[in-house]
Each structure stands twice: as structure tokens, then as C-alpha cells.
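For reference, the structure discussed in these notes is given below.
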Amino acid sequence: MLIVLVESIPLDVDYGMNASFGKSLYEEWNNLLSVARDQIDVASFYWSLTGEDINVNSSTDASGRDILEKFKALPSRNVSVRIVTSIPTLALNSTDLKLLRENGIQVRRVNFGRLTKGILHTKFWIVDRRHIYIGSANMDWRALTQVKELGVVIYNSSGLASDLHKIFQSYWVMGRTNASIPEPWPSSYDTLINEERPLVVSLSGVPSQVYITASPPAFCPDSRTRDLHAVLSAIRDAREFIHVSVMEYYPASKFAHRHGYWPVIENALKHSAFENNISVCLLFSCGLDSDPSVLPFLRSLDALRSPSDSLNIQVKLYVIPVGNRSHIPYAKVNHNKYMVTDKVAYIGTSNWSADYFNTTAGVGLVVSQDALRGNPFQKQLSLVFDRDWNSQFAIPLAELNQNHDCVFSKSTG
């Protein structure tokens, strides 16, 4: 089995010489499409692989157009394709799904707004029940050239692929007209792979333990580790450091009618920093579409830094230069959703606020490895985090000012 860290680095972002990078997301998506022989299942919040969908004329959508054309060609290669997307969604005017249907691809839209008062925010692929992709990128041309994304591809793991397929299948059946969430879920959705019983494998030659998490709880059989539980476990079990890169953090409900306070993750981070003397570095996004209501919470976390008291929590904001592309909406943002500690690597699809864990569909991959063997995935992810944290684009919260292209207004993704 091969595990590959994948990234998209936006145009205008230059880290200079000798920086560590994951493999190109665009190239790995192309590789997954080329190796497909039988079936591809894709879950994505929305599809928007051409500039016309958002009334933008930009040559930087060429990569997205290429991916769309290759998806359209799959049925002619006798590769079956199933796609699930969300109701509600961002891409109201998308022509992608219409074109894909016209080329023989099955599409269902899951009304999470009706089922859980959330959305389908998941982003993953399953190829031939052998290869998987999980990460922050939606099926959006901006994810390939304009937005900073991070994810993971695992090749030749039928165990993980079959397990992820159970989550896809839960979306697929809920995409039927007037579907209702079963209670409990039938036994066919149960999993033997979870936090208590991770899959023991060799990933790129390194002994590893892995499992897949999911949200919301209403879509999880009892045997599936909840996404929030995995995040809290990773924070609790860390002994040296906790490094987090998430587009948006907000200790409350963002989208519910009543914005109830929700300090679950924040309390866990504070507890680890205070009780266990763990270094906590939090890297959040700051862009033209960011929400200003998060700032007081970020400042309260950053204020806890007190080296004399062995309390080390630091907050930075990742600011991508807008350059001459300010006409492209929801671009130039750090869309990553991951955490790495001295014990585990966690790659997710959710931002860190209450709704994403309680009502919205997402998945995560948890990887624990023998740090003394080979080139562990955790080490690769740590190097990428360090690259970002120490770059010119990571601004200490206290230094945020009008000299940076960062205007808090609204957010999504």
C-alpha cells in the first residue's frame, strides 16, 4: 500500500528553495482517473470545474476543465461513475452535473438540509474499491490553482476503500426521494475498523494503524468512530505538540438559528496545553471571505501564551496574496483541514465549528505510524505544517493589520 500526501498551492504563493511539498493534487487526481478500471464513487459538496459556473473568465480553470473532460469520458471506457452532492449547495448554476448526466454518469443530491439541517460537506473518491482520496478539495477548478488544499491518496487498500464505500452508500441511499434516516442503520453499514480496532497495515513501507471517521452522528452506526471523537482523542493523546491547520475555527454553531456556545475543542486544546505542557500551534485562514466574528475567540486563545508559566498556545493567520485575481470569489484561501501531533496525523474535510460535527456530513482519516521506520506520513505532514507556519504567509495574530490582504466578511467551504 502506498500513502501519498497531496496539495494544491495557489498561484502567487512562493515558498522559495528547499521547501517540503506534497504531491500535486491535480496530478494525483489525474492518476486516479487513469488507473480506474471498473467504478469511481465521488462525494463532494458541489461541482464547479469551469469558470463559467461563477461568471469568471480565467485561463486558470484549464486544470478543472481537464478533470471534467476526463470524468465525462469514463463511461466510454466502461467505468461506472456515481456522484453524490449536497442540498443546500454553493454552485447553484453549475453545468457540470448536467454534462456528466448527459454522458452516462449517475448523480444524486442528498438533501441534508431536510435530513439533519446541515450539508454534505464531504470530499472523497473511491476508485475500483482499491484506491481512495480524502481531503479538503471540492470538485472545483479553484481547488487546483486558486485555493490552498491538502489531502491524502492511498493506493491498493481494499480494506479502507470498502470501509469508505459504506459511508458513500449511506449518502447514496439517502439521495432517494423522500428518504429518511434509519434508526438504527442496517448491519451492512457497520464497520470493523475504528479507533478501538484500527486497520493494521504497511503504508509506504511503514507499519501503520489507520481508521476512517465520519459525521454527523445521525449518519454513523454505533461501530463508526465519530469525527469529533477522533479529533478530541488526538488532542488528548498528544505528548509533545499539537499542530492544526484549519480554514475556520469557531467555538459555536455557525449556521444554526441559535448560535449556541460550543467550546468542546477549545477546552481540549487548553487542557492539553495547561495540564500536559504541550505546545499548541493553530494556523487558521484569513482571506477576503473570512468571518470577523471568529476574531475574539482567536485572540482569547492567543492570549494564553505564557512561556514563564509553561503555557504555549500560538495562533497565526495564513494570508495568501490576492494579486490581480480579486475578481475570483472564494479564492486565495488556506482551505486545509488537518492536525498532526507527535502521535497521529488526522486529515479531515470539516472546519472546526459545532455544525460541521453535529449536523453536517464529513469524514476524516487517522494515521498512526512507527516513527522510527522509513518516512512516516506524520513526518511529511509535520514538515508541510512547519513550512507554512514559518513562511511569510503566516502572520502572528497580534501583527494582523491593514497591510495584509485580509478582510474578514464571510466564509464557507
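Per this note's numbering, residue 1 is the first one in the sequence shown, and the count goes up by one each step. Ideal Cβ positions, reconstructed from N, Cα and C, are used throughout, including at glycine. Because the structure is a prediction, the values reported are computed rather than measured.
Close beta carbons around residue 396, own chain, < 6 Å, minus the five adjacent residues each side:
316
Residue environment, residue 261, which counts as buried when at least 16 other CB atoms sit within 10 Å:
exposed
Check this for me: beta carbons of residue 341 and residue 242, under 9 Å apart or not?
yes
Give the straight-line distance between the Cα atoms of residue 302 and residue 227, rounded to the nearest whole angstrom.
25 Å
Contacting residues, own chain, Cβ-Cβ under 6 Å from residue 193 (five flanking each side not counted)
163, 199, 211
In whole angstroms, give me the CA-to-CA distance for residue 157 and residue 366.
15 Å
For the beta strand (DSSP E) holding residue 125, just list the boundary residues, first then last.
123-127
When we look at the beta-carbon of residue 175 and count the other beta-carbons within 10 Å, is it buried (16 or more) or exposed?
buried
Can you give me the C-alpha to C-alpha distance between residue 185 and residue 66, rounded to a whole angstrom?
38 Å
Taking Cβ to Cβ, would you say residue 123 is nearer than 9 Å to residue 10?
no
Considering just the uninterrupted stretch of the beta strand (DSSP E) at residue 235, what are its terminal residues?
Taken as a continuous stretch (DSSP letters only), residue 235 belongs to no beta strand (DSSP E), being part of the alpha helix (DSSP H) at 227-237.
Tell me the residue span of the beta strand (DSSP E) that contains residue 337.
337-341
In chain order, what residues of the same chain lie with their CB nearer than 8 Å to the CB of residue 410, ignoring the 5 residues before and after it?
Residue placement at residue 410 is flagged as unreliable, the pLDDT there being 44, under the threshold of 50; a coordinate-derived value is accordingly withheld.
Kindly identify the DSSP beta-bridge partner or partners of residue 17.
DSSP output for residue 17 lists no bridge partner at all.
What are the boundary residues of the alpha helix (DSSP H) that residue 30 is part of?
25-35
With a cut-off of 8 Å on the beta carbons, I'd call residue 231 and residue 139 a contact; round off their distance for me.
Not a contact, Cβ separation roughly 25 Å.
Where do the N-terminal and C-terminal ends of the alpha helix (DSSP H) with residue 364 fall, by residue?
Premise fails: residue 364 lies in the beta strand (DSSP E), 362-369, not in any alpha helix (DSSP H).
With 16 as the cutoff for other CB atoms within 10 Å, does residue 402 come out buried or exposed?
With a pLDDT of 47 at residue 402, under the threshold of 50, the modelled position of that residue is not reliable, and no figure is offered here.
Is the beta carbon of residue 335 less than 9 Å from the beta carbon of residue 285?
yes
Could you check if residue 327 is buried or exposed, using at least 16 other CB atoms within 10 Å of its CB as the buried criterion?
exposed
Between the beta-carbon of residue 234 and the beta-carbon of residue 344, is there less than 9 Å?
yes
State yes or no: is the C-beta of residue 428 within less than 9 Å of the C-beta of residue 350?
Residue 428 is absent from the model: the chain starts at 1 and stops at 413.
Are three or more beta carbon pairs between the region 48-58 and the region 368-376 nearer than 8 Å?
no
Indicate the three-state DSSP secondary structure (helix, strand or coil) for residue 350 in the structure shown.
coil
Buried or exposed by the 16-neighbour rule on C-beta atoms within 10 Å, applied to residue 296
exposed
Return the chain-ordered list of same chain residues with a C-beta closer than 7 Å to the C-beta of residue 337, the five sequence neighbours on each side being excluded.
136, 246, 247, 348, 349, 350, 351
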